[in-house]
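S.K.: Can you keep this structure in mind? I'll have questions shortly.
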Amino acid sequence: MKKHNFSAGPCILPEEVLQKAAQSVVDLDGSGLSLIEISHRSEAFVAIMEKARTLALELLGLEGKGYKALFLQGGASLEFLMVAYNLLESSAGYINTGTWSQKAIKEASAFGKVVEIASSEDEGFNYIPKGFAVPEGLDYLHLTSNNTIFGTQFKKFPATSVPLVADMSSDIFSRPLDYSMFDLIYAGAQKNMGPAGATLVVVKEEILGRVTRKIPSMLDYTVHIGKESMFNTPPVFAVYTSMLTLEWLQRQGGIAGIAEQNEKKARLLYSEIDLNPLFDGYAKKEDRSDMNATFTLTEPALKDTFDAMWKAAGINGLNGHRSVGGYRASMYNALSMESVGVLVDVMSDLERKA
Ligand SMILES: *Cc1c(COP(=O)(O)O)cnc(C)c1O
1 MKKHNFSAGP
11 CILPEEVLQK
21 AAQSVVDLDG
31 SGLSLIEISH
41 RSEAFVAIME
51 KARTLALELL
61 GLEGKGYKAL
71 FLQGGASLEF
81 LMVAYNLLES
91 SAGYINTGTW
101 SQKAIKEASA
111 FGKVVEIASS
121 EDEGFNYIPK
131 GFAVPEGLDY
141 LHLTSNNTIF
151 GTQFKKFPAT
161 SVPLVADMSS
171 DIFSRPLDYS
181 MFDLIYAGAQ
191 KNMGPAGATL
201 VVVKEEILGR
211 VTRKIPSMLD
221 YTVHIGKESM
231 FNTPPVFAVY
241 TSMLTLEWLQ
251 RQGGIAGIAE
261 QNEKKARLLY
271 SEIDLNPLFD
281 GYAKKEDRSD
291 MNATFTLTEP
301 ALKDTFDAMW
311 KAAGINGLNG
321 HRSVGGYRAS
331 MYNALSMESV
341 GVLVDVMSDL
351 ERKA
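In this text, residue positions in the sequence shown follow the UniProt record's numbering: the first is 1, and each later residue adds one.
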């Protein structure tokens, strides 16, 4: 039986994407060759890379606006330092909203001055800082749009005159925004786009080339742009499967179409968390993530009962991050409303039984 997969990452992908990807590993479109045994310079793969890059820009509404999309390796974690390598000349601003922001700050600190513009550490990262001023003259401002571990999400973004950089690993392609307010967006594929192994980077070309340091080729966005994301052998399976997911997303009505589903799923789960006295939400209501809902049991003694119940219902991946505990339900694009319904039923069953 297929499980209801609430895993935070790697995470659920659309069934039809998995089927097609599996088939292409054996035989790509009837070519008699596997996707993973053909040259990345072949016509077939060049077309796949091209399609993936174009679709990413199209879905974000950034086509023809001076942006390039790249599929790189090293995960979002490599972008923590690559962003700084390419953009940080004297000082950069960072908003600290949790573990991933902190890791980005740590890496950037090796390249220049990092100014913590705002932080929600004082309350265990359960909210998104607001009302802070962003100084002029920074090389860029970096933020994490969705905090996968704590379950908070920026609903509004700070107004700033400096380039805005966002780690969107866990909410890329999940909600309509004016994406042109960002100058650089990065996201590890494995949260809302595809298998691990590829990282999407969308960058406005005009912000590049401003630092004086020498950048090693593999870490230089300009080099990757010049080689159309094929400077070296790209992670072909991850790029191909991401392309399939982006095509699937297009069939769902693009970001606007999927966002409607995502909002419904989040509303259903959060209303159960709020109405059911056995559960407490972790994040402040106004900052709750539509992707990762974090919650705890109000009666810890019920843990074993609850755990047995959701497992019996075919639910996977509900444990909170090891640094936070409690529970986390990740509701990425491919998770169905039905799966959220199953979880909510288990939660209300627990209330009836307790
Ligand atoms: C998972 C995650 C990362 C780390 O991604 P890797 O691809 O494993 O390096 C970074 N930022 C956010 C917001 C994440 O959710």
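Beta carbons: idealized from backbone N, C-alpha and C, even for Gly.
Identify which residue in L141, E136, G137, I149 has its Cα closest to the Cα of Y127.
M.R.: Among L141, E136, G137, I149, the Cα nearest to that of Y127 is on I149.
S.K.: Do you know how far the Cα of T305 is from the Cα of G66?
M.R.: Their backbone Cα atoms lie some 54 Å apart in a straight line.
S.K.: Quick one: does the C-beta of L78 sit closer than 8 Å to a heavy atom of ligand 1?
M.R.: Within the cutoff, so yes.
S.K.: Looking at S339: is its Cβ nearer than 9 Å to the Cβ of A293?
M.R.: Contact flag unset, no.
S.K.: Within 10 angstroms of the Cβ of A159, are there 16 or more other Cβ atoms? Answer buried if so, exposed if not.
M.R.: By the neighbour-count rule (16 or more Cβ atoms within 10 Å), A159 is not buried but exposed.
S.K.: Measure from the alpha carbon of A118 to the alpha carbon of each residue in Y221, R267, F132, D287, then state which is nearest.
M.R.: The shortest C-alpha separation from A118 is found at F132.
S.K.: For a test of your reading of the model: does the CB of D29 fall under 8 Å from any non-hydrogen atom of ligand 1? Yes or no.
M.R.: For ligand 1, not one heavy atom lies less than 8 Å from the Cβ of D29.
S.K.: Is S169 close to ligand 3? I mean its beta-carbon at under 8 Å from any heavy atom of the ligand.
M.R.: In the structure on display, ligand 3 does not appear, and the ligands it does have are ligand 1.
S.K.: Which of the three DSSP states, helix, strand or coil, is assigned to V202?
M.R.: In this structure, V202 counts as strand in the three-state DSSP scheme.
S.K.: When the distance is taken between beta carbons, is T245 closer than 9 Å to M193?
M.R.: Yes.
S.K.: Over what stretch of residues does the alpha helix (DSSP H) that includes G137 continue unbroken?
M.R.: Run containing G137: none; DSSP gives neither H nor E here.
S.K.: If you draw a straight line from the alpha carbon of K332 to that of S109, how long is it in whole angstroms?
M.R.: The question names Lys, yet the displayed sequence has Tyr at residue 332. Answer to the nearest angstrom: the Cα atoms are 32 Å apart.
S.K.: Put residue 430 into one of helix, strand or coil per three-state DSSP.
M.R.: No information on residue 430 is available, as it lies outside the stretch 1 to 354 that the chain covers here.
S.K.: Leaving out five residues before and five after residue 357 in sequence, what residues of the same chain have Cβ atoms less than 8 Å from its Cβ?
M.R.: Past the boundaries of the shown model lies residue 357; the chain is included only from 1 to 354, so the question cannot be answered.
S.K.: Return the chain-ordered list of same chain residues with a C-beta closer than 8 Å to the C-beta of M337, the five sequence neighbours on each side being excluded.
M.R.: Excluding sequence neighbours, M337 sits near Q261, K264, K265, L268.
S.K.: Would S289 and N147 be called neighbours here (beta carbons separated by less than 9 Å)?
M.R.: Closer than 9 Å, so yes.
S.K.: Please report the straight-line C-alpha distance between Y85 and T212, rounded to a whole angstrom.
M.R.: Their Cα atoms are separated by approximately 10 Å.
S.K.: Counting beta carbon pairs with one atom in the segment 91 to 107 and one in the segment 229 to 249, are three or more of them shorter than 8 Å?
M.R.: Output reads no: the segment 91 to 107 does not touch the segment 229 to 249.
S.K.: Please list, in chain order, all residues of the same chain as E89 whose beta carbon is under 7 Å from its beta carbon, the five residues on each side excluded.
M.R.: Cβ within range, chain order: G112, D139, R210, V211, T212.
S.K.: Quick one: grab the DSSP three-state call for V83.
M.R.: Here V83 sits in helix by DSSP.
S.K.: Based on the DSSP secondary-structure assignment, which residues constitute the bridge partners of G281?
M.R.: DSSP, once it has assigned bridges, lists F295 as partnering G281.
S.K.: Figure out for me which residue from E247, P234, T298 has the closest Cα to the Cα of A198.
M.R.: Closest by alpha carbon: P234.
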